[in-house]
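Asks:
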Amino acid sequence: MTTTLQKWGNSQGIRLPRPVIDQLHFSPGMELELTVSAEAGTLIISQAKPARKVRGRHRIEDLVAGMPKSYRAKEVPWESKGKELW
């Protein structure tokens with residue numbers, strides 16, 4: 113299967129045909145890892161290892177359930193370090 117390198121704005125890119133996307137189980141927005149071998153003239157595209165999700169939609173109940181049972185909130189002392197006005 114072949115495809116063409118195309119110009120999109122200031123960038124260039126390739127479109128992956130639908131059968132390739134389906135076979136690799138890729139989906140829009142998925143993070144991909146690119147491995148380049150200039151000597152061999154190859155580009156390897158693979159699914160990136162899933163990063164720990166930092167942002168997104170979470171329920172407060174699920175977040176609290178994930179907290180250690182020994183967790184206790186503490187008061188944090190605040191003090192001026194410079195010329196701050198309080």
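What the sequence shown shows, in my numbering, is residues 113 to 198, in sequence order.
Cβ atoms here follow ideal geometry from the backbone N, Cα and C, with glycine treated the same way.
Straight-line CA distance for I156 to N122?
Replies: Along the sequence shown, read from residue 1 onward, the residue named residue 156 stands at position 44. Along the sequence shown, read from residue 1 onward, the residue named residue 122 stands at position 10. Going from the Cα of I156 to the Cα of N122 covers about 23 Å.
Asks: Taking the C-alpha atoms as reference points, what is the distance between E231 and W190?
Replies: Residue 231 lies beyond the residue range present for the chain, which begins at 113 and ends at 198; the question has no answer from this structure.
Asks: Would you give the residue range spanned by the beta strand (DSSP E) that V148 belongs to?
Replies: Numbered from its first residue, the sequence shown carries residue 148 at position 36. First-last of the beta strand (DSSP E) with V148: 144-149.
Asks: For L155, report the span of its beta strand (DSSP E) as first-last.
Replies: Mapped onto the sequence shown, residue 155 falls at position 43. Counting along the chain, the beta strand (DSSP E) containing L155 begins and ends at 154-159.
Asks: Quick one, are the C-beta atoms of T115 and I126 less than 7 Å apart?
Replies: Reading the sequence shown from its first residue, position 3 is the one you call residue 115. Reading the sequence shown from its first residue, position 14 is the one you call residue 126. It is a contact, given that the beta carbons lie within the stated cut-off.
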